[in-house]
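K.L.:
1439 is the number that the working numbering gives to position 123 of the sequence shown; each next residue is one higher, with no gaps.
Think of the CB as a built atom: it goes at the ideal place given N, C-alpha and C, for glycine as much as any other residue.
Remember, it's a predicted structure, so these values are computed and weren't measured experimentally.
Pasting in a structure now, in structure tokens, and then I'll have a few things to ask.
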Amino acid sequence: MCGIVGYTGFKNAVDVVFDGLKTLEYRGYDSAGIAVSGKNIEVFKAVGRVSELKAKLPSSPFATAIGHTRWATHGKPLEKNAHPHISFDGKVAVVHNGIIENFKHLKRKVEEKGISFASDTDSEIIAHLLALDGSADFLQAVENVSKLLKGAATFLAIREGDDKIYCSKCGASLTIGIGDGENFVASDTLAICEHTNRMIPLLDGDIAVISRENVNIFSGQERVFRPAYNLNRIRPTDSDCFMASEIAEIPAAVHRTIKGFLSNPAAEEKIKNADKLYFVGCGTAYHACLYAKYVFSRLLQKNCEAVESSEFEDA
């Protein structure tokens, strides 16, 4: 999963976003980048660790910025494939988390208009589509483009001359952090909990507009209210690093998960009556599925299969 961070407010947005990306680096990434919004859109990228990006960042302050750490899915780990991606007219920058399933179809449509792609990624299509939309209201353009995308398509967008951050949540997680004269957005609360503990997790289909003073969230055509919750700052438990902490938490997490199923008679009945069981996951979750397949096939004497989540539709 890629990492996304955005900030608009009275601090230097580049510093806030860079620090957020550094915090997320424990997940492991191959490139990073930051885009700033002022009179023009400016984009800064680097391959390798987030620290490689530091020397390329501007010294002058900006009020609004979005950033991204990438783990290659479409395209090799090259600087041209690092996010943020910029539109053909240079007026829109986008960071994206997920995989756009209908990317090839959309790319052909855009190329028919004479527009060339600067990267090998699926994410770049979002920036071009936003620039092509033509809606007088950029929020409407974000909503229109979000409807065109199939698959996991959580993204942030900024445009020149505008200090707002536009957010679209579909699939991958996205949380807004509420500040005083400043607001934040990130794919992982760990990236912004240093600055605020008031969080609003967005739901699939939500579109949000973030300025330094306001956060407006929309679902469909309607403005909606999403309650904020107070987050205790996340720290490793009794370990020196998050990896060791997460390993130590596995037994309790497994127990809570199993307990939830054991107290759900309806789920138990469905499993008993099923002819075949699918265990679906990606990354480390897929390896958990392989183990579950082994256990359930022995215990229940049923046909069980572990499937990568990206392949499940064809299973």
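Can you say whether P1637 is buried or exposed, counting buried as having 16 or more other CB atoms within 10 angstroms of its CB?
P.N.:
The chain is shown from 1317 up to 1631; residue 1637 falls before or after that span and cannot be answered.
K.L.:
Between the alpha carbons of E1584 and F1628, how many angstroms are there, rounded?
P.N.:
Spanning the two alpha carbons is a distance of roughly 22 angstroms.
K.L.:
Please determine, among T1505, E1498 and R1475, the residue with the shortest C-alpha to C-alpha distance to V1411.
P.N.:
Of the candidates T1505, E1498 and R1475, the one whose C-alpha sits nearest the C-alpha of V1411 is R1475.
K.L.:
Beta-carbon separation of D1496 and T1380 under 7 angstroms?
P.N.:
Not in contact: D1496 and T1380 (Cβ atoms no closer than 7 angstroms).
K.L.:
If you compare alpha carbons, which of R1365, I1350, A1351 and F1326 is closest to Y1342?
P.N.:
Checking every option, the nearest Cα to that of Y1342 belongs to R1365.
K.L.:
Short check: CB of L1465 to CB of I1402, under 7 angstroms?
P.N.:
Not closer than 7 angstroms, so no.
K.L.:
DSSP puts T1491 in a beta bridge; with which residues?
P.N.:
The partner list for T1491 (beta bridge, DSSP) reads A1502 and P1517.
K.L.:
Starting from T1333, follow its DSSP beta bridges and name the residues at the other end.
P.N.:
Sequence inspection shows Val at residue 1333; the Thr mentioned does not correspond to that position. Answer is none; V1333 lacks a bridge partner.
K.L.:
Is the region 1368-1376 in contact with the region 1346-1354, if contact means three or more CB pairs nearer than 8 angstroms?
P.N.:
Yes, they touch.
K.L.:
Taking the C-alpha atoms as reference points, what is the distance between I1526 and D1438?
P.N.:
Roughly 25 angstroms between the two C-alpha positions.
K.L.:
Between L1518 and I1494, which are expected to be in contact by the criterion C-beta below 8 angstroms, what is the C-beta distance as a whole number of angstroms?
P.N.:
With a Cβ gap of about 13 angstroms, L1518 and I1494 do not count as contacting.
K.L.:
Excluding the five sequence neighbours on either side, which residues of its own chain have a C-beta within less than 7 angstroms of the C-beta of L1394, listed in chain order?
P.N.:
So the qualifying residues of the chain are V1363.
K.L.:
Hey, quick one: how far does the beta strand (DSSP E) through A1681 stretch, first residue to last?
P.N.:
Shown here, the chain extends from 1317 to 1631; a query on residue 1681 therefore has no answer.
K.L.:
Let me know the secondary structure DSSP gives L1472 once reduced to three states.
P.N.:
In this structure, L1472 counts as strand in the three-state DSSP scheme.
K.L.:
By the 10 Å Cβ neighbour count, where 16 or more other Cβ atoms means buried, how is G1319 classified, buried or exposed?
P.N.:
G1319 should be labelled buried.
K.L.:
Threshold first: 3 residues or longer. Then list the beta strand (DSSP E) segments lying entirely within the region 1357-1406, N to C.
P.N.:
Runs of the beta strand (DSSP E) inside the region 1357-1406: 1357-1363 and 1380-1386.
K.L.:
Taking 6 angstroms as the cut-off, does the CB of V1359 come closer than this to any heavy atom belonging to the ligand NAP?
P.N.:
This structure lacks the ligand NAP, and indeed carries no ligand of any kind.
K.L.:
Rank V1332, F1404, C1509 and G1322 by C-alpha distance to the C-alpha of I1442 and give the top, closest one.
P.N.:
The shortest C-alpha separation from I1442 is found at F1404.
K.L.:
Any chance the region 1585-1602 sits against the region 1562-1576, with 3 or more Cβ pairs inside 8 angstroms?
P.N.:
Too few Cβ pairs lie closer than 8 angstroms, so no.
K.L.:
Could you have a look at T1437 and say whether DSSP puts it in helix, strand or coil?
P.N.:
Three-state result, T1437: coil.
K.L.:
Would you kindly work out how many angstroms separate the C-alpha atoms of V1359 and A1560, rounded to a whole number?
P.N.:
One C-alpha to the other measures close to 35 angstroms.
K.L.:
How about I1533 and D1520: do their beta carbons lie closer than 7 angstroms?
P.N.:
No.
K.L.:
Are A1507 and L1340 closer than 7 angstroms when you measure CB to CB?
P.N.:
A contact, by the Cβ cut-off of 7 angstroms.
K.L.:
Beta-carbon separation of A1488 and N1413 under 7 angstroms?
P.N.:
Contact: yes.
K.L.:
Between the Cα of Q1456 and those of K1618, S1535 and A1601, spot the shortest distance and give me the residue it belongs to.
P.N.:
When only C-alpha atoms are compared, the closest one is S1535.
K.L.:
Round the Cβ separation of A1468 and S1484 to the nearest angstrom and send it over; I've been treating them as touching at under 8 angstroms.
P.N.:
Contact doesn't hold; Cβ gap of about 11 angstroms is too wide.
K.L.:
Alpha carbon to alpha carbon, what distance is there between K1423 and D1449?
P.N.:
Taking the straight line from one Cα to the other gives about 14 angstroms.
K.L.:
In whole angstroms, what separates the C-alpha of C1557 from that of K1338?
P.N.:
The alpha-carbon atoms of C1557 and K1338 are separated by roughly 14 angstroms.
K.L.:
Excluding five sequence neighbours on each side, which residues of the same chain lie with their C-beta closer than 8 angstroms to the C-beta of C1635?
P.N.:
Only positions 1317 to 1631 of the chain appear in this structure, which leaves residue 1635 out of reach.
K.L.:
Only counting runs of 4 or more residues, tell me where the alpha helix (DSSP H) segments fall wholly within the region 1556-1607, in order along the chain.
P.N.:
Counting whole runs of 4 or more residues, the region 1556-1607 contains the alpha helix (DSSP H) stretches 1558-1578 and 1581-1589.
K.L.:
Would you kindly work out how many angstroms separate the C-alpha atoms of K1420 and H1571, rounded to a whole number?
P.N.:
If I take the Cα positions, the gap works out to 42 angstroms.
K.L.:
Got a sec, what are the start and stop residues for the alpha helix (DSSP H) K1418 sits in?
P.N.:
Here residue 1418 is Asn; the residue named in the question, Lys, does not match the sequence. Run containing N1418: none; DSSP gives neither H nor E here.
K.L.:
Using 7 angstroms as the threshold, is the C-beta distance between T1324 and R1528 below it?
P.N.:
Yes, Cβ-Cβ distance for T1324 and R1528 is below 7 angstroms.
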